[in-house]
Amino acid sequence: MSEQWDNQWDNLGTAALPAAVLSAIATCTEACRTTLRHLEGDRDALRRVLERRIRPAPDGPVRRLCSVDGSHAAVPTAGAAFVAVAAAAVEEATLTDQQVLVHLLPPIEELEALLGGLRCVLELRLLARRVRATTSGLFVLDGSFYSVLLEVNRLLVRYAQDHRTSHPPAWWGAFHPLIEAFFAEDDWRVVLESRRVIAHSKSATSADDVTTLVPHLSSTVTDRSLWSSVLHAGEYSLPVPLIRKDRPHLLTGYHSPTIPDFRERRMVIEHGYGQLYVIYYRPNTIGPAYRLELPAPLIAREPLGAVLATFRGALRVNHLQEPLPQFLADAICRQIHHALIATAEGARTTLQHEFDLSVVQRYLGPYRTPR
């Protein structure tokens with residue numbers, strides 16, 4: 048009994064955490080080793096199963112490429128939160144459009160989900176503006192059309208919940224103009240109906256093919272990893288619908304009485320999602336397969352050739368996992384977090400000259416112990 052107690056005490060000693068980390072590293076490494084062995088060893092068999100969906104990529108003219116991306120950030124304090132949402136459009140290597148919203152909000156539950164939905168609205172609005180402004184070229188939405196659907200739906204659910212009474216929270220007033228203009232000008236419909244917009248998700252998580260073909264790898268492999276292993280350079284997978292029959296995609300938040308003609312708008316958007324398709328494309332031997340989501344008019348051979356040639360031509364830097372305009376738009380938007388920290392610090396510093404330091408700290412001090 049004493050020996051057992053000593054062992055338990057040793058496990059709680061100063062070496063317990065490092066030992067647990069080392070053990071986890073060994074376990075994770077073995078899991079990765081098993082996965083890689085399956086991918087390498089089963090490649091030929093998997094390719095035979097998937098070969099009916101594999102085609103050589105058609106070639107076509109290279110178009111001008113514009114990418115739209117967004118980011119959001121929050122700096123919570125003891126009594127309020129500084130929040131910012133930004134979106135940027137980069138064409139080739141030039142910043143063509145940008146928009147930033149910065150506000151001070153009270154503490155809000157599910158703030159991250161709220162900001163994520165507003166970010167998607169801002170991205171779609173900026174993308175629609177670029178589509179309207181040009182008559183040619185290809186546009187890339189950073190992320191998945193499906194993730195945008197989920198994010199905006201979460202925003203609309205919260206919007207509807209908070210507007211059930213005649214006195215919704217006052218902080219919604221900061222975002223009313225954005226949401227109302229987004230629906231009033233049909234920005235979402237413009238994006239979905241455009242024949243020049245595709246979506247590229249860098250962190251694609253879909254595992255539909257893996258679950259069907261190699262379920263024993265479903266806990267460690269995504270469809271993108273599977274197709275990266277199976278496709279040869281210059282090949283792509285035949286399109287499949289983005290919205291599977293067993294995947295719910297109704298806009299459950301689409302019933303707010305504050306936005307007119309919701310039922311009609313909802314039908315248009317859901318019809319647009321029914322016209323979206325997914326392919327995996329491996330442009331070269333160095334990089335992985337890319338997951339691309341395209342509207343129905345772009346999956347025919349001739350327009351698809353132009354899409355793939357344009358996408359391939361924009362992969363200018365070997366270590367970047369996305370086209371150059373998409374990388375630049377992402378890099379620009381990510382600066383919003385640093386700017387927001389400076390904004391919060393500037394507000395605190397300014398107010399310390401007007402109020403007692405303890406008062407400022409109680410309201411604008413950190414809401415948790417700084418790291």
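Quick note: the sequence shown uses the working numbering, first residue 48, plus one each step. Built from N, CA and C at the ideal position, the CB exists for glycine as well. Predicted, not measured: the structure shown is a model, and the values here were computed from it.
Practice problem: Would you mind listing the beta strand (DSSP E) stretches within the region 236–283 that are 3+ residues and don't spill past its ends, in chain order? | Solution: 244–247
> Which residues bound the alpha helix (DSSP H) around residue 285?
Replying inline: Counting along the chain, residue 285 falls outside any alpha helix (DSSP H), and DSSP gives it neither H nor E.
_Report the start-end ranges of each beta strand (DSSP E) in the region 105–152 that is 3 residues or longer and not cut off at the edges._
112–123, 128–138 and 141–152
Looking at C-alpha atoms only, which residue of 68, 120 and 74 is the closest neighbour of residue 390? 120
request  = Look at the alpha carbon of residue 52 and the alpha carbon of residue 72, and state the distance between them as a whole number of angstroms.
outcome  = Low per-residue confidence applies at residue 52: pLDDT is 46, beneath 50, and the placement is therefore not dependable, though the value from the model is reported in the following sentence. About 27 Å.
Of all the options 163, 169, 126 and 157, which has the alpha carbon lying nearest to the alpha carbon of residue 146? 169
For residue 213, is the classification buried or exposed, using 16 other Cβ atoms within 10 angstroms of its Cβ as the cut-off for buried?
exposed
- Range of the contiguous alpha helix (DSSP H) that encloses residue 201: 192–209
request  = Please work out which residues of its chain come closer than 8 Å, Cβ to Cβ, to residue 241, disregarding the five sequence neighbours upstream and downstream, and give them in chain order.
outcome  = 178, 186 and 342
Cα separation between residue 397 and residue 409?
Residue 397 and residue 409 have their alpha carbons spaced roughly 15 Å apart.
Output the distance between the C-alpha atoms of residue 152 and residue 128, rounded to the nearest integer angstrom. 5 Å
**Message:** Distance check for residue 384 and residue 412, CA to CA, integer angstroms please.
**Reply:** 18 Å
Exercise. Does the Cβ of residue 229 have 16 or more other Cβ atoms within 10 Å, making it buried, or fewer, making it exposed?
Worked result: buried
What did DSSP end up calling residue 230 once you bin it into helix, strand or coil?
helix
Using alpha carbons as the reference points, say which of 191, 165 and 136 lies closest to residue 176. 136
Next on the checklist: Can you give me the C-alpha to C-alpha distance between residue 256 and residue 103, rounded to a whole angstrom?
Outcome noted: 20 Å
| Identity of the residue in 262, 101 and 405 nearest residue 278 by Cα | 101
Open item on the list: So residue 189 and residue 376 are supposed to be a Cβ contact under 8 Å. How far apart are they, rounded?
Closed with: 7 Å
How would you label residue 84, buried or exposed, when you count the other beta carbons within 10 angstroms and need 16 or more for buried? With fewer than 16 other Cβ atoms from the protein chains shown falling within 10 Å of its own Cβ, residue 84 counts as exposed.
Point to revise | Simplified DSSP assignment, three categories, for residue 212 | key: coil
- Query: Terminal residues of the continuous alpha helix (DSSP H) containing residue 379?
  - Reply: 371–380
*Note down, in chain order, each residue of its chain lying with its Cβ closer than 6 Å to the Cβ of residue 166, except the 5 sequence neighbours on either side.*
117, 119 and 132
Q: Indicate, with yes or no, if the ligand MG has a heavy atom lying under 7 Å from the CB of residue 114.
A: No copy of the ligand MG appears in this structure; indeed no ligand is present at all.
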